[in-house]
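Each remark here refers to the structure printed beneath this line.
In this note's numbering, the protein residues as written are 182 to 1371.
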């Protein structure tokens, strides 16, 4: 039904488009310029078209009204679906070229009345958003932000070549200058930048980046060149500004012009693409669904070229001959293709010959010959029943038929393999004769036997030190040897190793990662010499069999055939995430990663499953008989670097093994004895928790070294560290305690800020010391609290959807609650040793758990809309919380078990954020982020007063109190503000320029806490039992309730400390006349003393009955996992934003955490990540693919 409605609407839109077509010359010849041509797509995303408006910039400016709809002509409209994006042209040859990620193609058509559409290249990803034409040499260039490469092709698509493939993250906009032989592109990766190179991809230079030039650069797109002035222009989609740079050798940003999109509310638009002529800029503007025409000499004026219908503009070009100048001299490639056999591309020195994939350039620099070796630029290697086979790098997107063969070589029964890209050799274990062998990818020939082994399940090459490691489940060890097989040495053996199944190397860091599948399954990291083990994964793992490292993102992936999952974790053991979960009998064995794609060998059904890592979407599956191992081949995956074993083999006579602490020498055993001609050298660790040894330390046996502590830490001893022969330091002080946080922890503030948690020490002279706590992988902490008893910090993370805790020095980080959909408020009950938090997801609830995460229970699960901040009053044994209900925000309180709920304040509330209790005066304070004020009342809600009007340029979030002083954070001001709690006067600012977006704040004093409750000397027994809720975790649903997203405002200092007029003149707070819900009842103290024992007995009886009923119900009704649907990939522009509850917090650049629904509680409070089942379907061409649902 929905599809029928969409098709009907599309038919109407097409008809409307036909109504817009202007009558053109009946001559069936070519279409001439000048005219503006652009791509637009309808709002439903099911069709796209190429439209145009005749005239140059001046003509269009005079024709287009400021607000009315403009009549345009349609050049091309294909059958639905299509999703054109980028566009460019060759004026003299009358061709127009565009990318269509929906068809995964680059296409072209002649600009004539009856020009046919033809394909140039098939096999792009869904993210091809830049295209540029070299009109002199007849070549097309395009960027691909999934494969992270830049390709070049001739106009027919006969020959193509990857000109740039290394050190790209998200290539987007692209522009060419064929006159000078240069290529320019933008990159939206972790470090956005604009680069240039020759048209063959040589001599790369970073033109603009924040790191190199301090330039303001966010999401650069729409690159275009003014060839007459030699300026490069681009639009920045992150701030909708226009920038330019002089290409006469300048490497810095020299001109910046901000364009204002003039509308009824003077809002900025959202730029996608950009082109120009001599007088005007033409900008495709998503914000106004129009092409903005802006005079270059007056950027304050804008007129809109807006077609009728619901269309969003994408690529735009000014089709004009003057925009593609020709040189005075003859173009080298124009005559006999420049003497090139295949591709002739421009170059600053004239031209350069290149060969298509599958060919290599001969020594004459012109001829292309068939590639006889098994080496291509990039390719996927996999092992099947016939040996080793290979597929092209873009196998996820190219057209493959069932009859199309893949190339196989190396007839062997391969169990596992790896390669050395620089020596161009393959290393594999042949199950037929139990030998580790090597094979030359360049020369071919017969494999060479290296090492006789037992049952090898994993091979990993250290390409920097020329060593090979392998796991052997028959011998139960991990071993190493030189790449030629010499000097075999057992790295790890003994009782701790049973079934070592996989191993990978990180040569630059000198470490190994390996998987144990025996009685104690785990993922472990060790030095390459086998020392200093660190267990990264031990919970919820059964039989891990394969590992791979994503070096670009510092992630380790593993497949577990026991759990049927593929998961990832950071290289330090943080941020465990699920990628794939079959929940059936699928066996995921070999795994490998390349750019945005992930490849999995599924053994039972013999598939290669290909997924997009970022979207966690399936791309395609390919049937392969006898599939086992696979590995992506690309030299960029083995980056070269200097190593500790480079010079004279690290001083070692046999094996030199790089470690994080330097080169270690190990010797091959001869029988039960070590060779007499070899000396082993072990090194003591150069770093430890919060410190390291000095740079000139010689960390070998018998040497002593000084050490230094990291910033914000101080030493606990001045003793020297002495290195022993076993490679460990001898010192009476525990290495983990050599350095301590440089804070007395007597009097301090804690602030949750984007990407960090900051401790602010109060210094006796009235100054402050700021200490960013070294907690790993803090993404977006919202609420925080601190426990003085154990010196542990607790916080919520809105992006990771978790509750964490760690020692105050940043060590010992733990997950105490997972799958918290919208974690906002958090508060500790330090007396009863509980942590409470709010969850504004679906269902909305307030939960609590023991401080270690066990005993998780829902305290309140009904009558909540958007619970936010929460505060615990341990003196009165109550909790207070705010609720952003769309039916009326409120402040509420209840007993710690959830009973006795009261709504103590409502009316004239919108986004109540921070909550704090003044125990001395029995007052409650809160701030409102939308109404920009701070209020106070009695604890029961009476005597409500407005303390501070912060002004409409503030955005208060967190609030805390100590003595007579209030402290609060402000998103707009990006600092902490203070004021007197009764008058709102005498305010000051703390930490200007130190915060990104400060959230929660708390003040602590060792002699008393913020709630003025004496600290216990030992952990007491809980004094209340929850009577509501249950321990089953809530699963995340597919939709999140949205809210009106806060629009940030500009901060001015004049608003800080501005009390209301009454408060300012009289020194007291102004009474507030909003609706207040008072405390419902007050017990007479004498009556209470008589009835209290009876009430306690009755309450305990009720609790017992409810617990019995709940336990019986729980046994009858098992919890079920949620289901999530993973759709087939569709084109989605990377600049689109979400509007949800989480968007209120999230930093736009933060990586969103994956959903991990599960109902199984671990002992440490974490949960088993899961993804859904998949079913077997068919492509149109007969190829199988997998759809995921959960």
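A virtual CB, placed ideally from N, CA and C, is assigned to each residue, including glycine.
For residue i, which of the options has the nearest alpha-carbon?
i, options, result
"residue 804", "794, 793, 813 and 787", "787"
"residue 309", "292, 574 and 332", "332"
"residue 382", "506, 533, 494 and 777", "533"
"residue 1067", "1079, 334, 1048 and 1081", "1048"
"residue 683", "710, 730, 1028 and 1060", "730"
"residue 723", "734, 704 and 462", "704"
"residue 1000", "955, 776, 1030 and 981", "981"
"residue 508", "1076, 631 and 316", "316"
"residue 461", "649, 417, 663 and 239", "239"
"residue 628", "1141, 641 and 595", "595"
"residue 784", "654, 715 and 566", "566"
"residue 700", "1163, 677, 937 and 895", "677"
"residue 1109", "1098, 1133 and 1100", "1133"
"residue 603", "1105, 816 and 455", "816"
"residue 263", "269, 828, 281 and 271", "281"
"residue 775", "712, 901, 811 and 235", "811"
"residue 632", "613, 662 and 818", "662"
"residue 1005", "1092, 898 and 710", "1092"
Please look up how many angstroms separate the CB atoms of residue i and residue j, rounded, as I've assumed it's under 8 angstroms.
i, j, result
"residue 791", "residue 808", "Going by Cβ atoms, the distance from residue 791 to residue 808 rounds to 13 angstroms, so no, they are not a contact pair."
"residue 1010", "residue 977", "No, residue 1010 and residue 977 are not in contact; Cβ-Cβ is about 16 angstroms, not under 8 angstroms."
"residue 826", "residue 841", "That belief does not hold up - the Cβ atoms of residue 826 and residue 841 are roughly 14 angstroms apart, past 8 angstroms."
"residue 605", "residue 621", "7 angstroms"
"residue 426", "residue 389", "6 angstroms"
"residue 652", "residue 635", "That belief does not hold up - the Cβ atoms of residue 652 and residue 635 are roughly 10 angstroms apart, past 8 angstroms."
"residue 336", "residue 321", "7 angstroms"
"residue 413", "residue 356", "7 angstroms"
"residue 886", "residue 875", "6 angstroms"
"residue 493", "residue 221", "6 angstroms"
"residue 649", "residue 673", "Wrong, their Cβ atoms sit about 15 angstroms apart, outside the cutoff."
Residues in the same chain with beta-carbon distance under 7 angstroms from residue i, minus the five sequence neighbours each way, listed in chain order, please.
i, result
"residue 935", "961, 1177, 1178 and 1328"
"residue 698", "680, 682, 724, 725 and 726"
Within the present structure, is the beta-carbon of residue i separated from the nearest heavy atom of the ligand MG by less than 6 angstroms?
i, result
"residue 243", "In the structure on display, the ligand MG does not appear, and there are no ligands present to speak of."
Keeping to the same chain, check which residues put their C-beta closer than 6 angstroms to that of residue i; ignore five residues upstream and five downstream.
i, result
"residue 1159", "1146, 1148, 1168 and 1169"
"residue 928", "943 and 1186"
"residue 836", "668, 670 and 847"
"residue 419", "399 and 400"
"residue 369", "351, 353 and 400"
"residue 1061", "1052, 1074 and 1096"
"residue 1032", "1014 and 1016"
"residue 1115", "1108, 1128 and 1129"
Which same chain residues, not among the five before or five after residue i, have their C-beta less than 8 angstroms away from its C-beta?
i, result
"residue 689", "645, 820, 822 and 824"
"residue 378", "344, 345, 363, 364, 384, 385 and 386"
"residue 1210", "The predicted position of residue 1210 is uncertain, since its pLDDT is 35 and thus under 50; a value taken from the coordinates is nonetheless stated next. Only 1026, 1028, 1038, 1039, 1040, 1041, 1042 and 1079 meet the Cβ criterion."
"residue 872", "888, 889, 890, 891, 894, 896, 919 and 920"
Is there a Cβ of chain D sitting closer than 7 angstroms to that of residue i, yes or no?
i, result
"residue 1117", "Considering every chain present, this structure includes no chain D. It has just one protein chain."
Along the chain, which unbroken stretches of the beta strand (DSSP E) at least 3 residues long are found entirely within the segment 881-951?
Annotation: the segment 881-951 contains the following complete segments of the beta strand (DSSP E) (minimum length 3 residues), in chain order: 888-890, 894-896, 902-904, 920-922, 928-934 and 937-943.
Quick check on the DSSP output: what are the complete alpha helix (DSSP H) runs of length 4 or more inside the segment 487-529, in order along the chain?
Taking 4 residues as the minimum length, the segment 487-529 contains no alpha helix (DSSP H) run wholly inside it.
Validate contact between the segment 898-914 and the segment 1148-1157 using beta carbons, cut 8 angstroms, 3 pairs
No: the two stretches stay apart, fewer than three of their Cβ pairs being nearer than 8 angstroms.
Would you check if there are 3 or more beta carbon pairs closer than 8 angstroms linking the segment 462-480 to the segment 503-522?
Output reads no: the segment 503-522 does not touch the segment 462-480.
Touch check for the segment 569-582 and the segment 399-407: three-plus C-beta pairs under 8 angstroms?
Here the segment 569-582 does not lie against the segment 399-407, with fewer than 3 beta-carbon pairs under 8 angstroms apart.
With three or more beta-carbon pairs closer than 8 angstroms as the criterion, would you say the segment 551-564 touches the segment 523-530?
Taking a cut-off of 8 angstroms for Cβ pairs, the segment 551-564 and the segment 523-530 do not touch, as fewer than three such pairs fall below it.
With contact counted as at least three CB pairs below 8 angstroms, one residue from each stretch, are the segment 490-505 and the segment 348-355 in contact?
Contact fails between the segment 490-505 and the segment 348-355, because fewer than three Cβ pairs, one in each stretch, are under 8 angstroms apart.
Is there contact between the segment 238-247 and the segment 300-317, where contact requires at least three CB pairs shorter than 8 angstroms?
Remark: fewer than three beta-carbon pairs, one from each stretch, lie closer than 8 angstroms, so the segment 238-247 and the segment 300-317 are not flagged as touching.
At 3 residues or longer, what runs of the beta strand (DSSP E) sit wholly inside the segment 685-768?
Within the segment 685-768, the runs of beta strand (DSSP E) that reach at least 3 residues and sit entirely inside it are, in chain order, 692-697, 703-708, 715-718, 725-731, 736-741, 746-751 and 758-762.
contact_flag[the segment 1076-1088, the segment 1032-1043] where n(CB pairs < 8 angstroms) is 3 or more
Touching, yes.
Within the segment 1126-1160, note down every full beta strand (DSSP E) run reaching 3 residues or more, in order along the chain.
Inside the segment 1126-1160, DSSP marks whole beta strand (DSSP E) runs of 3 or more residues at positions 1126-1130, 1137-1143 and 1146-1151, from first to last along the chain.
Continuous beta strand (DSSP E) assignments of at least 3 residues falling wholly in the segment 626-691:
Correct list: 637-643, 648-653, 658-663, 670-673 and 681-687.
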